[in-house]
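Visitor: Quick note, the sequences are listed as chains A and B, same order. If you count the first sequence from 1, position 319 lands on 838 in this note's numbering, and the numbers rise without skipping. If you count the second sequence from 1, position 291 lands on 810 in this note's numbering, and the numbers rise without skipping. Even for Gly, the Cβ is constructed at its ideal location relative to N, Cα and C.
Number of protein chains: 2
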Amino acid sequence: MKKNYMFTPGPTMVPHEVLLAEAAPMIHHRTTAFSEMLAETSRGLQKLFGTKEDVYIIMGSGTAAMEAAIVNVCSPGDKIICAPAGKFGERWVELGEGFGCEVVSLELEWGQSLTPGQARKALEEHPDARAIYTTHSETSTGALTDLGAIAAVTRRTDTLLAVDAISSIGVHPCKMDEWGVDVIACGSQKGCMIPPGLGYIAVSPRAWDVVEACSSPRYYLDLRLMRKRWAGGNQTPFTSAVTLVRAQKKALDMMQEEGLENVFARHERLAGAARAAAAALELGLVAENPANGLTAIHAPEGIDTGKLVAHMRDNYGVQMAGGQGHLKGKIIRIGHMGYVSEEELILAIAVLEKGLRDFGYEFDPSAGVDAAMKALG
Amino acid sequence: MKKNYMFTPGPTMVPHEVLLAEAAPMIHHRTTAFSEMLAETSRGLQKLFGTKEDVYIIMGSGTAAMEAAIVNVCSPGDKIICAPAGKFGERWVELGEGFGCEVVSLELEWGQSLTPGQARKALEEHPDARAIYTTHSETSTGALTDLGAIAAVTRRTDTLLAVDAISSIGVHPCKMDEWGVDVIACGSQKGCMIPPGLGYIAVSPRAWDVVEACSSPRYYLDLRLMRKRWAGGNQTPFTSAVTLVRAQKKALDMMQEEGLENVFARHERLAGAARAAAAALELGLVAENPANGLTAIHAPEGIDTGKLVAHMRDNYGVQMAGGQGHLKGKIIRIGHMGYVSEEELILAIAVLEKGLRDFGYEFDPSAGVDAAMKALG
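What follows is the structure in C-alpha cells.
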C-alpha cells in the first residue's frame, strides 16, 4: 500500500470536498445560478488579491493570465522592464519579446529578488517604460519579492507594475489596492487549492486607461470583452469552465472558514519549519528572501535531485520537485502551499531524510524532523 | 422534486462516471503517468477527428482553439475567406479582423451552409487567400456544412481549409485526413461529453509549413511550442488541466465502448426524431441542411423563446436554448449531442409540448411525442 502526497509547487493537493464539488452535476453557464457562482468566486478572489477591482476568471493556465497582462497593456514597440530571477521571471521576457515589446532585462541571479532600489534605478534610466513585470513568489527558486516596496516606487511614476502572483496568492497576504499594484495574474492550482484550469487577473483603474488605449491584437484574452460581459451580468465572453469555477468557490469557502489570516499564518509556520529542517540538514536555501509557499534547497554535492525526487515518489509516495533551467538536478523544491497541514510537513521532511539517506548523504538521524517539529511548536 | 436535464447545444450533460473521473485524486502533470493519460486522450481524439496527426489539448475553450487556428496560420495582412452563416461563423470574421487579416466575407444567410460551388467561386476570385475558415456544425442555427465536399475544392489549391468542428466532433463522422481538411478546432463540452475547459486542435502536414512560416506573435497558443513539447514526451508547454484530461479520457473510453459508429448512428436517430417532432408540431427548421447535434426550430408566431426556455427550465427542469444574435427570442435550439439517450429525447419533446401549450400554442396533443417515437422506431 502506498499513499500519495504532492509537496509540489503546483499543482498542489486538492481537498476532497473541492474535488467532489467539481463532480457535482453540470449546470449551464448562461444561467443566473452560474452568474451568481461566478460572482461569489470573483468576490472570494478579490479578498485574496486585496482589491476592490473585479477579478476576471479566464479558462486557461496562469500563463494565459500572464499573456493577458502583456497583450492588454503593451502595444507593439512599447518598452517594458523585466527582472528575471528564475524560470517564471524569464517567462515575462519571452512574452514581452514574443509580442513585440522592447524588453529591458535587469541582471539578477536566480534566487535573488528585485529590490526597490533596482526598480527605482531602472525607472530613472527608462522613465518611458510602459510597465515593470515582476514575480511575487518565483516558483523556480522560492524567492519572494517585496511587492509593497516595489509598488511604492512605481505608483509615483507613469510606469505600471504588473505581477505574476501565481504561487503567492492564498499563501502571502496581497494588498493590490493598498500597495498600488496595477495588474495581478494568478492561476488556480497553487494557493487557490483547486486543479489547474483557471487563470485570474485584476487591473487597477489607472491600468484600465492603458488597456483601453492598447493597440495589440487580442480576442480570447481581451480584457475589454471580459469587463463588458462582467458588467452585463457577471458573465464571461466565452464559455466558462463550470466545474472548475464551482471547485474554486468551494475552496475559497474553505479558506474563509479557516480565516485568511490563519491561512497566511499557517503558510508562514510551514515555511519556517521547512527552512529549519533544511538548516538542520545543512542544506542551503536557493532564495535570498524565501517565500512561504515553497522551500527550494541545494542538494548535497553529488546527488542528482531528478533521481532523488523520482526515488521518493516511486518508493514513498511523496512527490517533491527538482530544479528547472540551469538548476535542473541540483535543487529540491518542497511545495507547502495550499492544502498542506503541519503534520503533513513533518511527513514530507521524514521522507526527505529517508531519500537523502538512501542516496548516501550523512546527517544526524531525525535532525530535520526534530528541527521542523520544534519550529512548529 | 425537480430533476434537471440539459438539452443545450453545449455545455451538455456529462456522464456521472466522467464527473467522478474528474474528482479522482490529483496527480502532477509532469509525470509519466500523466503523459500516458494525455497520449491516450489524444489518440482517442484522433479517432473522432479522423486523423493520424497529433491532436493538441489546450487549456481553454473552443474559442481558444479557434484563435490558435488563426494566429498560427495567418500572418498580419493575409487574406482569408470566411463564410459566416451564424454566430460562430461570425467569430471567424471577428478573429480574422482582430488579428489583422484581410477578411473576405461571403454573403450567406443564417441557417444556410457554405456550398462547394461558393467555395470554388471564392477561390477563383481570391486564389491568394491563405485559408477558408468555416464551421462544420453551426451551433447557432443547427446547420451542417458538407466538409468533405468543401475540402475536395480546397485541397487542389494552395488555400488551406480550417474548420470549427466544436459541435460536430463526436456527433458526425469526421475524416480530416481522408477529406483533406487542414486545421480542425474543437472544444470539450459538446459531443466530447465533458465539462467546458479544454480546446483541441489538429493540423495537416501542409498546414504545418504555413504554421512554421507564420509571423503572427503568439505564445500561450503557439502550436510550434505544443508540437515541440509533445515530441519531447507527450507533454504540454504549460500546465495541463489534469482533472479535465482524465475526464476526457474516461468519456472517450465510454464512446469507444459504445462504438463510434453507434455513437454517430444514435445522433442521427436523435436528430431524425427531433426533426419529425418539429414537423408534427408544424414548426419549421432554421437550418437548410440540419446537423445531428442540435435541432433549431422557429417558434410559433408571438412566442418569445427566451421566456419559453426559462419557463421550461424553471417549471419542468428541462433546459433548452433560445436564439442568438438577430434570432434571439425567435427560435428554440434543442441540443441532443453527447450523452443523450433516445428516451431522454422523448422527455425533451414532451416538455417542449407542455411549454408550447402553456404559452398558448395549439396543436394535436402528443403529436410531437408520437412523431418522435415513430421516428425512433
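Suppose contacts are defined by Cβ-Cβ distances below 7 Å. Is B:Gly854 in contact with B:Pro603 by that definition?
Guide: The answer is no: Cβ separation not under 7 Å.
Visitor: Using beta carbons (cut-off 7 Å, strictly below), is B:Glu536 in contact with chain A?
Guide: Closer than 7 Å: no.
Visitor: Assuming A:Gly854 is part of the beta strand (DSSP E), what are its boundary residues?
Guide: Its beta strand (DSSP E) spans residues Ile850 to Gly854.
Visitor: So for B:Leu800, helix, strand or coil by DSSP?
Guide: B:Leu800 falls in the coil class under three-state DSSP.
Visitor: Please give the ranges of any beta strand (DSSP E) in the segment 627-693 of chain A, keeping only runs that are unbroken, at least 3 residues long and fully inside the region.
Guide: Taking only runs of at least 3 residues, the beta strand (DSSP E) segments lying wholly in the segment 627-693 of chain A are 650-654 and 679-683.
Visitor: Should A:Met856 be flagged as near chain E, meaning a C-beta pair shorter than 7 Å?
Guide: In the displayed structure, chain E is absent; the protein chains listed are A and B.
Visitor: Only counting the same chain, and skipping five residues up and downstream in sequence, which positions put a Cβ closer than 7 Å to that of B:Arg832?
Guide: The residues are Gln838.
Visitor: Can you tell me whether DSSP reads B:Val623 as helix, strand or coil?
Guide: Of the three classes helix, strand and coil, the one that applies to B:Val623 here is strand, per DSSP.
Visitor: Check the Cβ of A:Glu541 against every Cβ in chain B and list those closer than 7 Å, keeping chain order.
Guide: Result: Glu541, Ala542 and Thr762.
Visitor: So, at 8 Å on beta carbons, what are the nonlocal neighbours of A:Leu827 in its own chain, with the 5 sequence-adjacent residues on each side left out?
Guide: Counting only Cβ-Cβ distances below 8 Å, and skipping sequence neighbours, we find Ala818, Gly841, Ile851, Gly874, Leu875 and Phe878.
Visitor: Label A:Ala584 either buried or exposed according to how many other C-beta atoms from any shown protein chain fall within 10 Å of its C-beta, with 16 as the threshold for buried.
Guide: So A:Ala584 ends up on the buried side.
Visitor: Could you work out which residues of chain A lie near B:Pro736, taking near to mean beta carbons separated by less than 7 Å?
Guide: The contacting residues are Gly617, Phe618 and Gly619.
Visitor: Does the segment 542-549 of chain B touch the segment 688-704 of chain B, meaning 3 or more C-beta pairs lie closer than 8 Å?
Guide: No, the segment 688-704 of chain B is not in contact with the segment 542-549 of chain B.
Visitor: Between the segment 602-617 of chain A and chain B, which residues of the former have CB atoms less than 8 Å from a CB of the latter, in chain order?
Guide: Under the 8 Å Cβ criterion, the segment 602-617 of chain A contributes Glu613, Leu614 and Gly617.
Visitor: If you drop the 5 nearest sequence neighbours on each side, which residues of the same chain put their C-beta closer than 7 Å to that of A:Ile865?
Guide: Hits under 7 Å: Val888, Ala891 and Met892.
Visitor: For B:Ala721, I'd like the list of residues in its chain whose CB is within less than 6 Å of its CB, leaving aside the five on either flank, ordered along the chain.
Guide: Within the same chain, B:Ala721 has close Cβ partners Phe568, Thr570, Glu572, Val574 and Ile703.
Visitor: Quick one: residues in its chain with C-beta nearer than 6 Å to the C-beta of A:Ser687, no 5 flanking neighbours on either side, listed in chain order?
Guide: Excluding residues within five positions, the ones whose Cβ falls inside 6 Å are His655 and Ser656.
Visitor: In whole angstroms, what is the alpha-carbon distance linking A:Ala797 and A:Leu557?
Guide: When rounded, the distance between both Cα atoms is 41 Å.
Visitor: Have a look at A:Lys521 and A:Tyr835 and give me their C-alpha separation to the nearest angstrom.
Guide: Using only the alpha carbons, I get a separation of about 7 Å.
Visitor: In chain order, what residues of the same chain have a beta carbon less than 6 Å from the beta carbon of A:Gly848, not counting five sequence neighbours either side?
Guide: So the qualifying residues of the chain are Asp823, Thr824 and Gly825.
Visitor: Hey, could you find the ends of the alpha helix (DSSP H) A:Leu771 is sitting in?
Guide: Taken as a continuous stretch (DSSP letters only), the alpha helix (DSSP H) holding A:Leu771 covers Val761 to Glu777.
Visitor: Residues of chain B with a CB under 9 Å from the CB of A:His817: which are they?
Guide: None at all; the shortest Cβ gap to chain B is about 21 Å.
Visitor: What's the gap between the Cα of A:Leu679 and the Cα of B:Gly752?
Guide: In a straight line, the C-alpha of A:Leu679 is about 39 Å away from that of B:Gly752.
Visitor: What in chain B is Cβ-close to A:Thr527, meaning under 7 Å?
Guide: What A:Thr527 touches in chain B: His547.
Visitor: Buried or exposed: B:Lys769, going by 16 or more other Cβ atoms within 10 Å of its Cβ?
Guide: Buried, since its Cβ has 16 or more Cβ neighbours within 10 Å.
Visitor: Can at least three beta-carbon pairs, one atom from the segment 624-636 of chain B and one from the segment 599-616 of chain B, be found at a separation below 8 Å?
Guide: Segments in contact, yes.
Visitor: Provide the residue span of the alpha helix (DSSP H) that contains A:Val700, from first to last.
Guide: Run containing A:Val700: none; DSSP gives neither H nor E here.
Visitor: Can at least three beta-carbon pairs, one atom from the segment 583-598 of chain A and one from the segment 728-748 of chain A, be found at a separation below 8 Å?
Guide: They touch, by the three-pair rule.
Visitor: Under the DSSP definition of a beta bridge, which residues are partnered with B:Val837?
Guide: Partner(s): B:Tyr524.
Visitor: I'd like the span of the alpha helix (DSSP H) that includes A:Gly887, first residue to last.
Guide: Ala886 to Leu895 is the extent of the alpha helix (DSSP H) around A:Gly887.
Visitor: Taking Cβ-Cβ distances below 9 Å as the criterion, which residues of the segment 567-586 of chain A are in contact with chain B?
Guide: If the cut-off is 9 Å between Cβ atoms, the segment 567-586 of chain A has Ile577, Met578, Gly579, Ser580, Gly581, Thr582, Ala583, Met585 and Glu586 near chain B.
Visitor: Use the C-beta contact count for B:Lys709: other C-beta atoms within 10 angstroms, 16 or more gives buried, fewer gives exposed.
Guide: Its Cβ being crowded by 16 or more others within 10 Å, B:Lys709 is buried.
Visitor: Could you check which residue in A:Tyr652, A:Ser759 and A:Met774 has the C-alpha nearest to that of A:Glu613?
Guide: Considering only alpha carbons, the answer is A:Tyr652.
Visitor: Any idea what DSSP makes of A:His845, helix, strand or coil?
Guide: Helix.
Visitor: Does A:Gln838 have its Cβ less than 7 Å from a Cβ in chain B?
Guide: Judged by the 7 Å Cβ criterion, A:Gln838 is in contact with chain B.
Visitor: If we define contact as Cβ-Cβ less than 7 Å, is A:Val805 a contact residue for chain B?
Guide: No, no contact with chain B.
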